[in-house]
Structures are given as C-alpha cells and as structure tokens.
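The block underneath contains the structure these notes are about, expressed in structure tokens.
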Amino acid sequence: MQFLESSILGLRSAFYELSSPDKKLKFLIFPMVHIGDPLYYANIDQRLDACDNVVYEGVKSTKSWFLVQSYKLVVKRKSLGLVTQRSALSLQNRGLNLIHGDTTAEAFYESWRKIPWYFRQLILLLSPLYGCWRYLTATRHSMAKGHTVDSLPESKEYADEQANEAFQQALIKDRDEVLLEVLKSHIESNANKPQTTAIIYGARHMPAVISLLRRYGYTVTKSEWVQAI
C-alpha cells in the first residue's frame with residue numbers, strides 16, 4: 000500500500016477506512032506529514048467529527064524538540080503557505096477519546112542512548128541548522144519531493160550503517176512496537192463496539208499499522224488521496 004505520493008503536483012496523503020466482517024470497530028487511517036497545507040489538516044479535522052477515538056503520537060523529550068526544528072522553522076516563511084500539524088490540528092475539547100500511542104520520554108531516552116554518541120550530537124546540531132537552511136531555500140515543490148517533508152536529510156548521507164540502524168530503531172521501530180501494543184489492546188477491548196477509531200500518526204509508521212490490522216481481519220473499504228502540499 001502507498002501512503003504518500005510525491006509528484007510534480009505536490010505531495011498527497013492516502014486516507015484509508017478499514018473494517019472487519021466479524022468486528023464492529025472500524026478504523027480511519029491518516030498517514031501524517033507534520034508540516035503541510037492548512038486545507039490538508041482541515042480535511043482531517045472534518046473527518047474526525049465521525050470518530051469516537053483517536054490514537055495519536057508524540058514524545059515529550061528535549062531530544063524530540065531538537066528533531067522537530069528541522070521542519071518547524073520552515074513555516075515561519077509565510078510565502079510557502081504551510082503550517083505545522085500541531086498548530087493546525089487540535090484534538091482537545093471535542094469529545095474524542097484520546098489514546099496516546101507513543102513511547103514515554105524515559106523509553107525514548109533509552110533508545111536514543113543506543114545511537115553512537117557522535118551521531119547523536121550530529122543530529123542535535125543538524126536539526127535546527129537543516130530547518131534554517133530549508134527556511135532560506137525551500138519551495139513547496141522541494142518540500143514535497145521525495146517525501147522528505149517531515150524528515151532530516153537521509154541519514155545514510157552522513158552516518159555509517161550502525162548509526163543509521165540505531166537511528167531508525169529509536170525513531171521508528173521502537174515506537175512502532177509501542178503503537179502496535181496499544182492498538183492490540185484497543186481492538187481486543189473494543190472489537191464489538193460500533194465505534195470508529197482514527198489513527199493519526201506519521202506516515203513512516205503506517206506499514207506496521209496496516210500489517211497489524213490485516214492480522215485482525217481488517218481490509219480497506221474506502222480510500223482517498225488528499226493533497227498535503
């Protein structure tokens with residue numbers, strides 16, 4: 000399955016609805032980019048009116064603060080017409096059951112410590128510098144190209160294989176494990192409830208999500224491409 004598509008027209012995100020013949024619980028999957036067009040987030044916001052639960056991401060850590068500067072600084076360039084997910088999409092005070100599907104700050108720190116020390120320091124230095132560089136040079140086309148809208152430069156460009164693997168483990172794989180455990184518990188506790196659960200999570204985590212839902216008998220019943228940038 001494809002979750003993001005980059006072309007000369009910009010970046011699109013694929014929204015999916017999944018259901019199971021033996022379960023009443025349905026899912027809406029929103030592969031997120033963390034900086035995009037305001038209409039992209041407005042589209043998601045409108046669809047949340049039909050949901051009962053939301054599984055969301057977010058790690059409260061000083062390390063993650065440095066990482067988000069790689070895209071947070073770009074929105075200060077008003078000519079791009081882009082906004083951050085945090086500023087444009089609020090989940091609070093709308094009657095939704097909010098389910099945190101991400102790792103704790105302590106667990107993230109333990110994963111972070113397994114990254115070679117020199118690479119950790121490089122990442123913390125490069126993140127705000129990369130954000131500044133994109134602020135000065137980015138266009139909407141360059142932001143959409145290659146699905147790099149919410150990421151640092153490819154880590155293989157400046158890291159050895161060990162550092163790259165440890166980085167991916169901390170940022171993607173370890174968090175996937177937490178997310179999947181949360182989803183398993185949610186399905187097993189709510190399978191017979193006629194509810195809809197939205198999963199609002201970074202697109203890079205969605206292959207693991209879809210794989211899990213398929214094991215529980217879920218299949219795609221609706222899909223739609225939505226312009227993100």
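Under numbering that gives the first Met the number 0, the residue at position 205 of the sequence shown is numbered 204, and the numbers go up by one with no gaps. Using N, Cα and C, we set each Cβ at its ideal position, and we do this for glycine too.
Original post:
Going by other Cβ atoms of all chains shown within 10 Å of its Cβ, with 16 needed for buried, is Gln84 buried or exposed?
Top reply: Counting from 1 along the sequence shown, the entry for residue 84 is found at position 85. Counting Cβ neighbours within 10 Å, Gln84 comes out buried, since at least 16 surround it.
Original post:
Near Leu151, which residues of its chain fall below 8 Å by C-beta distance, leaving aside the five closest residues on each side in sequence?
Top reply: Your numbering for residue 151 matches position 152 in the sequence shown. With a pLDDT of only 40 at Leu151, under the threshold of 50, the placement of this residue in the model should not be trusted, and no figure is reported.
**OP:** Name the two residues that bound the continuous alpha helix (DSSP H) containing Gly130.
**Re:** On the sequence shown, position 131 is the one that residue 130 refers to. 116 to 136 is the extent of the alpha helix (DSSP H) around Gly130.
Original post:
Which whole-angstrom value describes the C-beta separation of Tyr55 and Ile186, a residue pair presumed to lie in contact below a C-beta threshold of 8 Å?
Top reply: Translated into positions along the sequence shown, residue 55 becomes position 56. Translated into positions along the sequence shown, residue 186 becomes position 187. At roughly 17 Å, the Cβ-Cβ gap does not stay under 8 Å, so Tyr55 and Ile186 are not in contact.
Original post:
Is it right to say Gly57 is buried, meaning 16 or more other beta carbons lie within 10 angstroms of its own, or is it exposed?
Top reply: Working through the sequence shown from its first residue, we reach residue 57 at position 58. Counting Cβ neighbours within 10 Å, Gly57 comes out exposed, since fewer than 16 surround it.
Original post:
Hey, how far is the Cα of Arg213 from the Cα of Lys183?
Top reply: Numbered from its first residue, the sequence shown carries residue 213 at position 214. Numbered from its first residue, the sequence shown carries residue 183 at position 184. When rounded, the distance between both Cα atoms is 12 Å.
**OP:** Let me know the secondary structure DSSP gives Gln226 once reduced to three states.
**Re:** On the sequence shown, position 227 is the one that residue 226 refers to. Of the three classes helix, strand and coil, the one that applies to Gln226 here is strand, per DSSP.
**OP:** Taking Ala137 as the reference, give the member of Leu79, Phe118, Ile98 with the closest Cα.
**Re:** Locating residue 137 in the sequence shown gives position 138, counting from the first residue. Among Leu79, Phe118, Ile98, the Cα nearest to that of Ala137 belongs to Leu79.
Original post:
Quick one: what's got a C-beta closer than 7 Å to Asp175's C-beta in the same chain, skipping five residues either side?
Top reply: For the purposes of this step, residue 175 is identified with residue 176 of the sequence shown, where counting begins at 1. Closer than 7 Å at Cβ, skipping near neighbours: His204, Ala207.
Original post:
Roughly how many whole angstroms lie between the Cα atoms of Lys23 and Ser188?
Top reply: Taking the sequence shown and counting its residues from 1, the one referred to as residue 23 is at position 24. Taking the sequence shown and counting its residues from 1, the one referred to as residue 188 is at position 189. Cα-Cα distance, rounded: 12 Å.
Subject >> N-terminal and C-terminal residue of the alpha helix (DSSP H) that Tyr70 is part of >> reply: Here the question's residue 70 lines up with position 71 in the sequence shown. It spans 61 to 71 - the alpha helix (DSSP H) in which Tyr70 sits, taken as one unbroken run.
Subject >> Residue range of the beta strand (DSSP E) that includes Lys75 >> reply: Locating residue 75 in the sequence shown gives position 76, where the first residue counts as 1. Run containing Lys75: none; DSSP gives neither H nor E here.
**OP:** Quick one: grab the DSSP three-state call for Asn189.
**Re:** Walking along the sequence shown from the start, residue 189 turns up at place 190. Residue state, collapsed to three classes: helix.
Original post:
According to the Cβ coordinates, are Leu27 and Glu16 closer than 8 Å?
Top reply: In the sequence shown, counting from the first residue as 1, residue 27 sits at position 28. In the sequence shown, counting from the first residue as 1, residue 16 sits at position 17. Closer than 8 Å, so yes.
**OP:** Decide if Phe2 is buried, meaning its Cβ has at least 16 other Cβ atoms within 10 Å, or exposed.
**Re:** The residue given as residue 2 occupies position 3 in the sequence shown. Under this definition Phe2 is a buried residue.
Subject >> Closest Cα partner of Ser210 within the set Ile98, Thr196, Leu179, Thr220 >> reply: Locating residue 210 in the sequence shown gives position 211, where the first residue counts as 1. Among Ile98, Thr196, Leu179, Thr220, the Cα nearest to that of Ser210 belongs to Leu179.
**OP:** Kindly give me the distance between the Cβ atoms of Ala227 and Arg11, rounded to whole angstroms, as I take these residues to be in contact under 8 Å.
**Re:** The residue you call residue 227 lines up with position 228 of the sequence shown. The residue you call residue 11 lines up with position 12 of the sequence shown. With a Cβ gap of about 6 Å, Ala227 and Arg11 count as contacting.
**OP:** Taking all protein chains shown into account, decide if Met0 is buried (16 or more other Cβ within 10 angstroms of its Cβ) or exposed.
**Re:** Position 1 of the sequence shown, counting from 1, holds the residue named residue 0. Per the 10 Å Cβ criterion, exposed.
**OP:** Have a look at Val82, Ala165, Tyr39 and flag the residue whose alpha-carbon is nearest the alpha-carbon of Phe118.
**Re:** As a working mapping, residue 118 is identified with position 119 in the sequence shown. With distances taken between Cα atoms, Phe118 lies closest to Ala165.
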